[in-house]
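Student: Dropping a structure here in structure tokens format, bear with me for questions.
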Amino acid sequence: MPKELSPIETAKFVAAKQATQYVQSGMKVGLGTGSTAEWLVRCLGEMVRDQGLQIKGVPTSVRTAKLARDLGIDIITLDDAKWLDLTIDGTDEYDDKLHLIKGGGGAHLREKVVASASDRMIVIADATKQVATLGAFPLPVEVLPFGMRTTRTLIEETLIGADVLGREVTQRMQGDAPFVTDEGNFILDLHLNRIGNPRDLAIVLNQIPGVVENGLFIDICDVVIVGHGNGRVEVRDITNDTRDVVQFDVQDDTNLFDSVSD
0 MPKELSPIET AKFVAAKQAT QYVQSGMKVG LGTGSTAEWL VRCLGEMVRD QGLQIKGVPT
60 SVRTAKLARD LGIDIITLDD AKWLDLTIDG TDEYDDKLHL IKGGGGAHLR EKVVASASDR
120 MIVIADATKQ VATLGAFPLP VEVLPFGMRT TRTLIEETLI GADVLGREVT QRMQGDAPFV
180 TDEGNFILDL HLNRIGNPRD LAIVLNQIPG VVENGLFIDI CDVVIVGHGN GRVEVRDITN
240 DTRDVVQFDV QDDTNLFDSV SD
């Protein structure tokens, strides 16, 4: 029986479905992490199964790798791939310049490495992810466990001179224990409310000893695909300066809805 999707899940699905138009057999594709990227992996898995699509996927997290394997997608490492044709991933926020905040799922380190090793990065999102100014979503910063308290203090001192509205720093937790990334590191979430100069902030944060990587993606995203609950999809290509609109009849895709686990 087809599973009913909420408007927000429908938006994620149609954005992911549209992104598959960029994928061709023979490509090496970075596979993002998160709820929207999961839709993308499911769509690609359906194409592998039903259409004979042949791709090599480079996952950005352990959980994405497991899902892709379960769906029959051939998985390789980034070292084996060397370079990718494109990466498709979600985002927590994006602005008009297609600057992003990522890392809500704790995978922004691998996501940035994989996206930076790709000819193109395509972001898929629902309409709630667009903002006038980055910063409402807490900025994740992956840090080494060694000296974490010292690193946190250095970050807090750095924020005093930054163009931000808030300066609260919290450690991400998973239940009663610290959240641990796939690389064995911790995450500090920076509650900044507004980031006046994302480029400068990204640079100064990564200069702090103990910081592994921050969740600001600057000049990495090339295309954003935004889905809406009624099946409408907006595609913006910043490289070619184009904007297109596609309308999906979501009732035609109930076969894929069935594959979503409860």
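Residue numbers for the sequence shown follow numbering that gives the first Met the number 0, so the first one is 0 and each next one is one higher.
Ideal Cβ placement from N, Cα and C applies to all residues, glycine included.
1) Return the first residue and the last residue of the alpha helix (DSSP H) that R68 is part of.
2) Along the chain, where does the beta strand (DSSP E) containing T180 start, and where does it finish?
3) Can you name, in chain order, every residue of its own chain whose Cβ lies under 6 Å from the Cβ of A106, other than the five neighbours on each side?
4) Is it the case that the segment 90-104 contacts the segment 133-141, given that we only count it when at least three CB pairs across the two stretches are under 8 Å?
5) Can you list, in chain order, the residues of its chain with a C-beta nearer than 8 Å to that of D240? Leave out the 5 residues immediately preceding and following it.
6) Can you name, in chain order, every residue of its own chain whose Cβ lies under 8 Å from the Cβ of I72, other than the five neighbours on each side?
7) When you compare only the Cα positions, how much space is there between V22 and W82?
8) Hey, V113 and L77: beta-carbon distance below 8 Å or not?
9) For the candidate residues R198, V13, E37, whose alpha-carbon lies nearest to that of L262?
10) Look at the alpha carbon of R166 and the alpha carbon of H190, and state the distance between them as a whole number of angstroms.
11) Give the C-beta separation of V245 and Q17 to the nearest angstrom, bearing in mind that I take them to be a contact with Cβ-Cβ under 8 Å.
12) From D79, V211, D94, pick the residue whose C-alpha is nearest to that of V28; which is it?
Tutor: Inspection of the coordinates gives the following:
1) Counted from its first residue, the sequence shown places residue 68 at position 69. It spans 61-69 - the alpha helix (DSSP H) in which R68 sits, taken as one unbroken run.
2) Against the sequence shown, residue 180 aligns to sequence position 181. No beta strand (DSSP E) contains T180, which DSSP labels as neither H nor E.
3) Against the sequence shown, residue 106 aligns to sequence position 107. Excluding sequence positions up to five before and after A106, its CB lies within less than 6 Å of the CB of T32, T59, S60, all in the same chain and listed in chain order.
4) The segment 133-141, when compared against the segment 90-104, does touch it at the 8 Å Cβ threshold.
5) For the purposes of this step, residue 240 is taken as the residue at position 241 of the sequence shown. For D240, same chain residues with a beta-carbon under 8 Å away, outside a window of 5 residues either side, do not exist.
6) Within the sequence shown, numbered from 1, the residue matching residue 72 stands at position 73. So the list reads L30, V40, L43, G44, V47, I54, G56, once near-sequence residues are dropped.
7) Walking along the sequence shown from the start, residue 22 turns up at place 23. Walking along the sequence shown from the start, residue 82 turns up at place 83. In a straight line, the C-alpha of V22 is about 15 Å away from that of W82.
8) Position 114 of the sequence shown, counted from the start, is the residue given in the question as residue 113. Position 78 of the sequence shown, counted from the start, is the residue given in the question as residue 77. Taking C-beta atoms as the reference points, V113 and L77 count as a pair closer than 8 Å.
9) A query on residue 262 cannot be resolved here, the shown segment of the chain reaching from 0 to 261 and no further.
10) For the purposes of this step, residue 166 is taken as the residue at position 167 of the sequence shown. For the purposes of this step, residue 190 is taken as the residue at position 191 of the sequence shown. So the alpha carbons of these two residues sit roughly 6 Å apart.
11) As a first step, residue 245 is located in the sequence shown; it is residue number 246 there, counting from the start. As a first step, residue 17 is located in the sequence shown; it is residue number 18 there, counting from the start. Contact flag correct, Cβ pair sits at about 6 Å.
12) Taking the first residue of the sequence shown as 1, we reach residue 28 at position 29. Out of D79, V211, D94, D79 has the C-alpha closest to the C-alpha of V28.
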